Structure formats: C-alpha cells, structure tokens
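Undergrad: Residue numbers (our numbering): 59 to 785. Note that CB positions come from ideal geometry on N, CA and C, so glycine has one too. Treat the numbers as computed from the prediction; the structure is a model and nothing was measured. Sharing a structure below in structure tokens format, with a few things to ask.
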Ligand code: ADP
Ligand code: MG
C-alpha cells in the first residue's frame with residue numbers, strides 16, 4: 059500500500075530529465091501524438107539474409123558468416139580488422155572504436171550476423187562499423203523503422219517511446235471519409251491503420267514505395283499534413299481579416315494637411331490615395347514625406363522597387379493589417395523600400411518599427427535611415443540590448459511619447475518594457491532569422507486594439523509558384539531586378555591546397571586599396587572548434603600579410619568589441635575581416651571586393667549566395683573564392699559539388715533558389731526557410747501538388763462545416779505550433 063506523504067506542502071523539485079528524455083523534448087516529441095506522428099526516415103530490411111556473392115556496393119545488407127581473421131592494427135589509426143566469410147565470398151569489417159568485449163565477440167571462428175552498408179575498394183568488400191550479433195536467431199517479420207533522431211537518443215529508446223505513443227494517442231479520423239475518396243484514399247484503412255503500417259510495414263510492402271513515400275499509407279499521411287497546414291493558415295487569414303489596422307493615408311483639407319489619425323476614417327482618402335498608386339497623394343503644395351525622400355535619394359528606384367512600393371502602399375491604405383513578404387536578392391535594394399514604407403506610415407502620423415536580427419545590421423540600418431530621414435525632420439530612435447541604461451531610458455521615453463517616429467533596433471524592440479504610442483507598421487528584416495514567437499511579439503504591440511501592418515523582408519527568395527501555393531496566408535512582393543551598374547561577381551571554386559595563391563591574390567587586392575572578407579564556417583556541433591578554425595586562419599593571414607590590418611569577428615565576442623571591429627572595417631582602416639559567423643555578415647561595405655569562404659562545402663547554397671552578396675556592391679569588379687576541402691575523403695559528396703557548381707554558374711538568387719530546390723527537394727527547402735522548425739515534414743509541395751490542391755479546397759469546407767474536426771486536426775498536427783503559424 060502507498061502511504062501519503064505527511065507534509066505535502068513543499069513541492070519536491072521536479073525530477074531532472076534523463077538524456078534521452080531531454081533529446082525527445084528537443085525534437086519536439088512531447089505528446090503521445092507527436093511520437094505517433096514521428097514517422098520513419100527509412101526502413102531497414104532485417105527480414106532476410108543475403109549472400110556476399112549477390113551484394114552490390116552501396117547497398118545495406120544483412121549477412122551471416124564466420125570470422126576467419128581478426129586483428130588490431132596499430133600503425134596510423136588504431137583499428138580492428140575482421141574478415142567475415144559466408145561461403146560465397148569475404149567481407150572486411152573495420153572498427154575504429156571498440157571495447158574488449160566486442161573484440162572477443164568478433165574473435166576468429168565465431169559465427170556472426172552483421173548488417174551494414176557494403177563498400178568496395180582495393181581491400182575488396184568492406185563494412186565500416188557494421189551492427190553485429192551472434193548468427194542464428196529469428197529474422198524480423200516487419201521492416202525495421204529508422205527514425206530521425208539526434209545525439210543522445212538511441213534508436214532503440216526512440217522505438218519504445220514511439221510504441222508507447224502509438225498505444226496512448228487518440229488516432230481517430232478527423233477527415234470526413236467522402237473527401238478522402240476524392241484523392242483515391244477511401245478504400246484505404248483509417249488513420250490509425252495507416253499510421254501503424256508506416257511504423258511497422260509488413261515485409262510484403264515494397265521498400266522503394268515506402269521510402270519514396272508513394273505508398274498509399276504515406277499518401278494518406280501527407281494529405282493529412284497538408285490539410286493541417288492549409289487549415290491553420292486559412293484560420294489565421296480569417297482571424298486577420300477580422301482585425302483592424304490603421305489606415306495610413308493623409309487627408310487633404312484645402313491647403314492644410316490633416317492627419318488621418320482616426321482609424322475609423324476609412325472612406326475618402328484611402329480610395330483616393332490608392333488610385334494614385336505609388337505615392338500617397340496630398341495636395342501639390344505640400345509634397346508627402348514619401349515624395350520628398352524620393353527627391354533626395356542619390357539614385358532612381360528600379361522598376362521592380364517601384365512596383366513593390368506600390369503594392370505595399372496599397373496595403374497600408376487598407377483597414378486590415380498587411381501581412382506581406384518582400385523578397386529580393388541580396389543587394390536588390392530592400393532597405394530603401396522599407397524606408398519609403400516608413401515615410402508613408404510617419405506621414406499619416408503613426409510610428410514605424412524596423413527590427414533587424416543582429417546589432418551590426420541594426421546599426422547599419424540606423425546609420426542609413428538617419429541619413430535619409432533626419433534631413434526630412436523625422437525623429438529616429440534606437441534600441442538594442444547592449445545600450446547604456448540612461449540612453450535606453452531616453453529612447454523608451456521618446457517611443458512612449460510618440461516623439462520617435464521611427465524605431466530601429468534588434469530584438470530589444472519587442473521587450474515588454476517598450477511601449478509604443480502609436481505603432482502602425484512593423485518591418486522585420488531578414489525575417490527567417492527571427493523565431494516565429496518574436497514575430498508574433500512585434501505584432502502584439504497593439505495600440506487601441508489596432509494591429510500594426512507587418513512587412514517581412516528576406517533575401518532567400520522562394521520560387522514564385524511555391525510561394526503562391528504554399529502560403530495561403532501571406533502576400534508576396536518580389537524585387538526581381540538589381541540596381542543598374544553592378545559588375546557581376548566572378549566566382550571561383552578552389553581546392554584548399556591552393557590557399558597560398560588565394561593569399562597572394564589578397565595581397566594584390568589590398569595594394570589596390572580594396573577590402574576582403576574571409577568567412578570560416580559555423581560548425582554547429584562545436585562552437586569551440588568553430589572558433590579555433592577562425593582564430594587559426596586569423597593568425598595565419600596576419601602572419602602572411604605583414605603590415606596589413608587583419609580583424610577577427612566571432613559570435614562570442616562582446617558587443618562593444620564587435621562594434622569596434624566592424625567600424626574599423628566599414629571605415630576602411632581594416633583591410634581583411636575574418637569572421638566566423640554568417641549571422642554578423644549582413645553588412646554593406648561597397649569597397650569590399652573579394653569574399654573568401656573557407657570550407658565552402660559545409661555551407662548551404664542560399665547561405666553561400668547570401669555571403670557572396672556582401673561583395674559586388676560598388677563599381678569595382680568583385681570576386682568570390684569558394685575554398686573547399688575534402689578532408690579524408692577522396693572527393694566531395696555529389697550534393698556538395700552540385701552546390702559549388704551552381705554558385706560558379708549563377709549569380710541570380712532566384713536561379714540559385716531553383717537549383718537549391720533541385721538539389722535538396724522542396725520539403726527540406728521550405729523547412730530551412732521556416733526559422734528552424736520545418737513546417738512540412740512529409741509532404742512535398744511540388745511532388746504532392748495534387749494533394750496540396752485538394753487540401754486547399756477542403757480547408758474552407760472543413761472550417762465551415764466541420765469546425766470541431768478541423769480544430770482537432772490542427773491541434774493533432776501542429777499542437778502548440780498552431781498559434782505560431784499565424785505569425
Ligand atoms: P538588400 O536588398 O540586400 O537589403 P540594400 O538595401 O542593402 O540591399 O541595397 C544595396 C545597395 O544598393 C545599397 O548601397 C543601396 O543604397 C543601393 N541601392 C538601392 N536601390 C538602388 C537603386 N535603385 N539604384 C542604385 N543603388 C541602389
Ligand atoms: Mg538588407
């Protein structure tokens with residue numbers, strides 16, 4: 059029998075989570091249903107044995123044989139080499155780490171069952187670190203699921219957790235059966251059966267149909283997932299349509315210019331201004347801020363910039379909140395579009411906020427926007443985490459009183475303490491670098507229940523068709539043209555062995571008065587390693603270039619130090635900037651004409667393109683050197699080579715995005731763009747276009763006719779994330 063504790067008053071501290079439990083959390087596997095929907099990445103066939111005579115290179119095979127030879131080789135890397143003979147051939151098993159007990163299990167004469175990937179090579183058939191156990195024993199009766207996992211979470215633990223999840227979760231159907239028949243899924247089992255099948259397919263299921271997700275059970279799950287995504291976006295769209303935002307137009311009253319401070323003044327001026335298109339119209343005698351900014355800019359807008367300005371202005375004149383993504387290649391001139399949008403807002407008597415993901419980027423925006431807007435009499439406030447308390451207080455007061463018409467800063471802008479007096483437009487630069495929660499927080503800075511308009515900017519474009527079908531809830535404006543006079547950047551892919559030549563080239567550039575970026579990769583697993591790499595490169599370049607100022611910038615430097623380094627580089631006193639963090643390199647230094655990216659093979663394609671976009675901003679011919687290293691391997695992986703080739707062949711962000719899509723597949727592509735959390739795990743917006751079309755059509759029907767099923771469906775698939783998707 060249990061005895062109740064005598065003193066229940068003091069809560070015992072929560073039991074610390076075990077390693078695997080923590081890992082489950084990190085993977086977002088909190089609820090039973092999350093585990094049930096954690097579907098296998100692939101399957102292993104442990105239902106049969108194959109003969110070495112029949113295996114092919116690259117295939118994962120399960121073999122039984124006898125150990126003929128076993129030795130620990132000491133020269134070079136210590137390794138255990140085991141020769142297995144199955145009567146039809148032999149295979150070499152290599153282990154780089156092993157315990158004495160394993161060595162014993164792999165002793166000569168022992169009959170073994172091993173499973174691993176077959177590799178060729180001059181030593182004949184080889185397996186690296188195969189799984190092994192004693193030969194004999196029953197074979198599996200179903201394909202074995204292999205789940206996406208992470209360090210500290212063994213497959214066996216995860217399998218048990220998934221089993222438990224499957225047993226506990228409510229797996230009842232949420233899609234009315236009639237609608238499933240539209241995509242030919244009606245004869246298929248219900249959701250529960252489909253799920254069980256995906257976790258434990260019977261051996262008669264074709265491995266290929268399971269792995270390429272063409273099997274009807276996969277189709278069903280993909281349809282479910284797409285429906286959840288469409289439902290949540292449609293819901294968000296409907297909620298937003300019911301919200302009210304300030305109408306940002308000027309009212310003309312004879313000669314005087316009044317301000318439409320009242321959000322309920324919806325008629326007249328809005329229509330009038332909208333019809334005039336680009337600039338918000340006022341009477342001719344008093345040009346708008348927008349017009350005045352245009353008149354003072356040192357350049358003409360490109361046609362694409364003019365078009366997106368019109369789209370944005372049109373939205374700002376509506377009484378529903380704008381929810382627009384402005385996409386344009388690096389260097390396409392998004393900042394000036396943001397500034398022009400800000401003037402529309404300020405002219406109407408409201409406040410605008412511009413948030414950037416890093417302090418360096420925010421600083422740069424501040425400098426640029428002040429230079430454009432201060433001459434027009436606009437007050438700009440500045441907010442960052444590193445700011446002195448006194449300055450901060452002053453800024454907060456300016457913002458709360460409404461005197462600050464534009465506020466520029468980092469995440470500091472969304473903190474609770476920041477009270478806007480009349481925020482009407484929030485602009486987020488490099489939006490993919492913000493968490494969704496942060497985007498929501500900015501929207502939540504409501505004034506009199508009025509939602510601010512939201513403009514998100516990104517330099518990682520999404521191909522247009524993809525954006526249209528995927529984002530049910532977002533309007534997209536695209537700058538598809540670079541300002542004139544840019545010289546194309548020449549990109550060279552160079553083996554790291556030729557680093558010396560690159561340093562020579564740097565020397566020549568410096569003599570010509572040019573500046574150089576040198577970027578070292580961010581190694582996610584090990585920030586320390588990451589740093590060593592950059593520090594070494596910094597030391598090496600400093601030694602190779604005597605008398606040249608070489609700076610170092612990395613994520614763990616104090617902000618003040620970062621700022622000092624950046625200002626030396628921006629000011630032209632520093633010739634070379636070695637940087638670890640991709641994040642900090644969102645800068646505009648037109649005199650920089652050479653970008654060297656070390657270990658370019660480790661970067662994603664869009665990252666590479668972003669980085670390259672830091673040069674080629676002035677009139678000088680610019681170049682990008684992609685240094686690669688194959689490490690111990692004889693050559694780069696196929697995808698790494700394709701990425702580097704795409705970089706060498708194209709300078710166009712949209713073309714790069716298209717190639718990226720080709721190399722990675724859309725699921726992964728969209729995922730990487732959604733601030734970390736992939737929104738679609740199984741479906742693929744291009745390959746499953748038919749399912750997407752179906753989900754788009756069904757979503758409004760579900761919301762109207764089956765609201766409780768719709769709610770259950772969204773909750774099941776998106777859980778707490780459902781709220782986030784609305785940002
Ligand atoms: P991004 O879209 O990458 O944010 P920026 O806004 O930083 O690009 O613009 C890149 C550079 O091009 C800046 O120096 C900016 O002043 C300049 N620029 C923007 N629009 C034009 C234009 N229409 N003509 C010439 N230069 C422009
Ligand atoms: Mg920018």
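(1) Kindly list the residues whose CB is nearer than 8 Å to the CB of residue 651, restricted to its own chain and excluding five residues on each side of it in sequence; keep chain order.
(2) Per DSSP, residue 576 is paired with what?
(3) Using DSSP with H/G/I as helix, E/B as strand and the rest coil, what is residue 426?
(4) Please report how far the alpha carbon of residue 423 lies from the alpha carbon of residue 243, in whole angstroms.
(5) Whole angstroms is fine: what's the gap from residue 747's alpha carbon to residue 224's?
(6) So, is residue 339 buried or exposed, given that buried needs 16 or more other C-beta atoms within 10 angstroms?
(7) Count Cβ pairs between the region 301-308 and the region 132-149 that sit closer than 8 Å; are there 3 or more?
(8) Reducing DSSP to helix, strand and coil, say where residue 440 ends up.
(9) Under 7 Å from any heavy atom of the ligand ADP, does the C-beta of residue 478 make it?
(10) What did DSSP end up calling residue 191 once you bin it into helix, strand or coil?
(11) Compute the distance between the beta-carbons of residue 399 and residue 374, then report whether it is under 8 Å.
(12) In the structure shown, what three-state DSSP assignment does residue 62 receive?
(13) Spatial neighbours of residue 301 within its chain, please: C-beta separation below 6 Å, excluding the five flanking residues on both sides.
(14) Using a Cβ-Cβ cutoff of less than 6 Å, which residues in the same chain neighbour residue 190 once the five nearest sequence positions on both sides are dropped?
(15) Please report how far the alpha carbon of residue 709 lies from the alpha carbon of residue 762, in whole angstroms.
(16) What distance in whole Å lies between the Cβ atoms of residue 693 and residue 704, which are believed to be in contact at a cut-off of 8 Å?
(17) Do residue 416 and residue 771 have their CB atoms nearer than 8 Å?
(18) Considering only the beta carbon of each residue, do residue 401 and residue 347 sit closer than 8 Å?
(19) At the level of alpha carbons, what is the spacing between residue 34 and residue 427?
(20) Residues in the same chain with beta-carbon distance under 8 Å from residue 195, minus the five sequence neighbours each way, listed in chain order, please.
(21) With respect to the alpha helix (DSSP H) encompassing residue 292, which residues constitute its N-terminal and C-terminal limits?
(22) Taking 6 Å as the limit between beta carbons, can you name the residues of its chain near residue 432, skipping five residues before and five after?
(23) Just confirm the distance between the C-beta atoms of residue 284 and residue 749, as a whole number of angstroms; I'd bet it's less than 8 Å.
(24) Going by C-alpha to C-alpha distance, which of 275, 241, 298 sits closest to residue 257?
(25) In terms of residue numbering, what span does the alpha helix (DSSP H) encompassing residue 185 cover?
(26) Is residue 364 near the ligand ADP, going by C-beta to nearest heavy atom under 7 Å?
(27) Within 10 Å of its beta-carbon, does residue 414 have 16 or more other beta-carbons around it, so buried, or fewer, so exposed?
(28) By DSSP, does residue 101 sit in helix, in strand, or in coil?
(29) With the cut-off set at 8 Å, would you say residue 752 and residue 286 are in Cβ contact?
(30) What separation, rounded to the nearest whole angstrom, lies between the Cα atoms of residue 356 and residue 592?
(31) At a threshold of 7 Å, does residue 675 count as lining the ligand ADP (C-beta to nearest heavy atom)?
(32) Less than 8 Å between the CB atoms is what I'm expecting for residue 638 and residue 612, so what's the real figure, rounded?
(33) Residue 193 and residue 150: beta carbons closer than 8 Å?
(34) Compare the C-alpha of residue 636 against each of 664, 596, 661, 617 and name the closest.
(35) Taking the CB atoms as reference points, tell me whether residue 438 and residue 454 lie closer together than 8 Å.
(36) If you pair each beta-carbon of the region 534-552 with each one of the region 387-397, do three or more pairs fall below 8 Å?
TA: Short version:
(1) Start at 1 with the first residue of the chain shown, and residue 651 comes out as number 593. 567, 572, 573, 574, 673, 674, 676, 678, 679, 680, 681.
(2) Residue mapping note: residue 576 aligns to position 518 of the chain shown, counting from 1. In the DSSP output, where bridge partners are listed per residue, residue 576 has 636, 654.
(3) Taking the chain shown and counting its residues from 1, one reaches residue 426 at position 368. Three-state DSSP puts residue 426 in a helix.
(4) Counted from its first residue, the chain shown places residue 423 at position 365. Counted from its first residue, the chain shown places residue 243 at position 185. Cα-Cα distance, rounded: 52 Å.
(5) Here residue 747 is taken as the residue at index 689 of the chain shown, counted from 1. Here residue 224 is taken as the residue at index 166 of the chain shown, counted from 1. Cα-Cα distance, rounded: 29 Å.
(6) For the purposes of this step, residue 339 is identified with residue 281 of the chain shown, where counting begins at 1. Legend: pLDDT at residue 339 = 46, less than 50; position of this residue unreliable, value from coordinates given subsequently. Residue 339 should be labelled buried.
(7) Under the three-pair Cβ rule at 8 Å, the region 301-308 does not count as touching the region 132-149.
(8) Working through the chain shown from its first residue, we reach residue 440 at position 382. Three-state result, residue 440: strand.
(9) Looking up residue 478 in the chain shown gives position 420. No, since every heavy atom of the ligand ADP falls outside the 7 Å radius drawn around the Cβ of residue 478.
(10) Residue numbering aside, residue 191 sits at position 133 when the chain shown is read from its first letter. Look at residue 191 here: in three-state DSSP terms it is strand.
(11) Within the chain shown, numbered from 1, the residue matching residue 399 stands at position 341. Within the chain shown, numbered from 1, the residue matching residue 374 stands at position 316. The criterion of a C-beta distance shorter than 8 Å is satisfied by residue 399 and residue 374.
(12) Here residue 62 is taken as the residue at index 4 of the chain shown, counted from 1. With a pLDDT of only 46 at residue 62, under 50, the local geometry of the prediction cannot be trusted, and the value read off the model is given with reservation. Under the three-state reduction of DSSP, residue 62 is assigned to coil, being neither helix nor strand.
(13) The sequence position of residue 301 within the chain shown is 243, counting from 1. Closer than 6 Å at Cβ, skipping near neighbours: 379, 509.
(14) As a working note, residue 190 is residue 132 in the chain shown. For residue 190, where only same-chain residues beyond five positions count, the Cβ hits under 6 Å are 170, 172.
(15) The sequence position of residue 709 within the chain shown is 651, counting from 1. The sequence position of residue 762 within the chain shown is 704, counting from 1. Their Cα atoms are separated by approximately 46 Å.
(16) In the chain shown, counting from the first residue as 1, residue 704 sits at position 646. In the chain shown, counting from the first residue as 1, residue 693 sits at position 635. Not really, about 17 Å apart at Cβ, beyond 8 Å.
(17) Numbered from 1 along the chain shown, position 358 holds the residue referred to as residue 416. Numbered from 1 along the chain shown, position 713 holds the residue referred to as residue 771. Result no, Cβ atoms of residue 416 and residue 771 do not sit closer than 8 Å.
(18) As a position in the chain shown, residue 401 is number 343, starting the count at 1. As a position in the chain shown, residue 347 is number 289, starting the count at 1. Going by C-beta atoms, residue 401 is nearer than 8 Å to residue 347.
(19) Here the chain comprises residues numbered 59 to 785, so residue 34 is not present and cannot be evaluated.
(20) The sequence position of residue 195 within the chain shown is 137, counting from 1. For residue 195, where only same-chain residues beyond five positions count, the Cβ hits under 8 Å are 171.
(21) Position 234 of the chain shown holds residue 292. Counting along the chain, the alpha helix (DSSP H) containing residue 292 begins and ends at 274-300.
(22) The residue given as residue 432 occupies position 374 in the chain shown. For residue 432, where only same-chain residues beyond five positions count, there are no Cβ hits under 6 Å.
(23) Taking the first residue of the chain shown as 1, we reach residue 284 at position 226. Taking the first residue of the chain shown as 1, we reach residue 749 at position 691. Indeed, because the Cβ distance is near 5 Å, the residues count as touching under 8 Å.
(24) Here residue 257 corresponds to residue number 199 of the chain shown, with the count starting at 1. Considering only alpha carbons, the answer is 275.
(25) By 1-based counting over the chain shown, the position of residue 185 is 127. From DSSP, residue 185 is part of no alpha helix (DSSP H) but of the beta strand (DSSP E) over 184-186.
(26) Stepping through the chain shown from its first residue, residue 364 is reached at position 306. Not so, every heavy atom of the ligand ADP lies at least 7 Å from the Cβ.
(27) As a working mapping, residue 414 is identified with position 356 in the chain shown. Buried, because 16 or more other Cβ atoms sit within 10 Å of the Cβ of residue 414.
(28) As a position in the chain shown, residue 101 is number 43, starting the count at 1. Strand at residue 101.
(29) Translated into positions along the chain shown, residue 752 becomes position 694. Translated into positions along the chain shown, residue 286 becomes position 228. No, the Cβ-Cβ distance between residue 752 and residue 286 is not below 8 Å.
(30) If you number the chain shown from 1, residue 356 lands on position 298. If you number the chain shown from 1, residue 592 lands on position 534. Going by the C-alpha atoms only, they are around 38 Å apart.
(31) As a working note, residue 675 is residue 617 in the chain shown. Yes; taking the cut-off as 7 Å, the Cβ of residue 675 has a heavy atom of the ligand ADP nearer than that.
(32) The residue given as residue 638 occupies position 580 in the chain shown. The residue given as residue 612 occupies position 554 in the chain shown. The C-beta distance from residue 638 to residue 612 rounds to 4 Å, short enough to meet the 8 Å contact threshold.
(33) For the purposes of this step, residue 193 is taken as the residue at position 135 of the chain shown. For the purposes of this step, residue 150 is taken as the residue at position 92 of the chain shown. In this structure, residue 150 does not lie closer than 8 Å to residue 193 by Cβ.
(34) Locating residue 636 in the chain shown gives position 578, where the first residue counts as 1. That would be 596, whose Cα lies nearest to the Cα of residue 636.
(35) Here the question's residue 438 lines up with position 380 in the chain shown. Here the question's residue 454 lines up with position 396 in the chain shown. Result no, Cβ atoms of residue 438 and residue 454 do not sit closer than 8 Å.
(36) yes
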